[in-house]
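Peer 1: Next up is a structure, given as structure tokens.
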Ligand code: DX5
Ligand code: ZN
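See the structure below:
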């Protein structure tokens, strides 16, 4: 089963609750929430009060992507505000194992991420401990950037490592996804697609999401045929 995680960073904050409900209705099971601190990445986005208030608008899985330094400082608070999963950056912490344990102790699913320039192998030691691995297909910090084609190879490499080691880790891909490249991203091995601009900009949200859902259905059928089991 593939999952779409619309990134609220690209939403119209004036009508945020309404737009989130539209994404849920159109079939997006996750909501991707990008938290930026202006230090780990150049920009600043939003934090706890925003997450608490949108919690009431949705029953989606709140997939919080922390692009902040020393994320361990805020894990409990993000979970208290409604985070179901917390993804942190390996580059932002000293002891990733400890951060993962702290996320689990707080009652959330743990995700680990790396920037495009960090060697993929650096996350391998932590894969047995996490539920999700996030491959960035843009330099983190801003929505609306073009997809970096180097990401395909990284997704495929991670897919084969996870499969070889029989790890129950989902691969999430974030940055520059849209109807033009979603099939290649799924083909490379992604489970969860994050999309900001491609969901909230241009046409209507339901129309935009329908393109992702069509691609998901196609690939689900393909997988059933090729190995007789759903990933
Ligand atoms: C980038 C963020 C992304 C971003 C995706 O730092 O992590 O989640 O919002 O936006 P699009 O889909 O517009 O590239
Ligand atoms: Zn993100």
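In this note's numbering, the protein residues as written are 363 to 593.
Glycine included, every Cβ here is placed at the ideal spot set by N, Cα and C.
If you're wondering where the values come from, they're calculated on a predicted model, not measured in any experiment.
1) Exposed or buried, what is residue 569 when buried is set at 16 or more other beta-carbons lying within 10 Å of its beta-carbon?
2) Let me check you understand the geometry: is the CB of residue 451 closer than 7 angstroms to at least one non-hydrogen atom of ligand 2?
3) Cβ-heavy atom distance between residue 527 and ligand 3 below 7 angstroms?
4) Of the choices 542, 532, 589, 584, whose alpha-carbon is the least far from that of residue 367?
5) Which runs of the alpha helix (DSSP H) fall wholly inside the region 546-576 and span at least 4 residues, in chain order?
6) Alpha carbon to alpha carbon, what distance is there between residue 557 and residue 382?
7) Could you tell me whether the region 488-497 touches the region 430-446, where touching means 3 or more Cβ pairs closer than 8 angstroms?
8) Do residue 539 and residue 581 have their C-beta atoms closer together than 8 angstroms?
9) From what residue to what residue does the alpha helix (DSSP H) around residue 440 run?
10) Among 565, 553, 375, 422, which has the Cα closest to the Cα of residue 496?
11) Roughly how many angstroms separate the alpha carbons of residue 441 and residue 561, rounded to a whole number?
12) Going by DSSP in three states, residue 424 sits in which element: helix, strand or coil?
Peer 2: Taking the coordinates as given:
1) exposed
2) no
3) As far as ligands go, the structure on display features ligand 1 and ligand 2 and does not contain ligand 3.
4) 532
5) 559-562
6) 13 angstroms
7) no
8) no
9) 437-443
10) 553
11) 25 angstroms
12) strand
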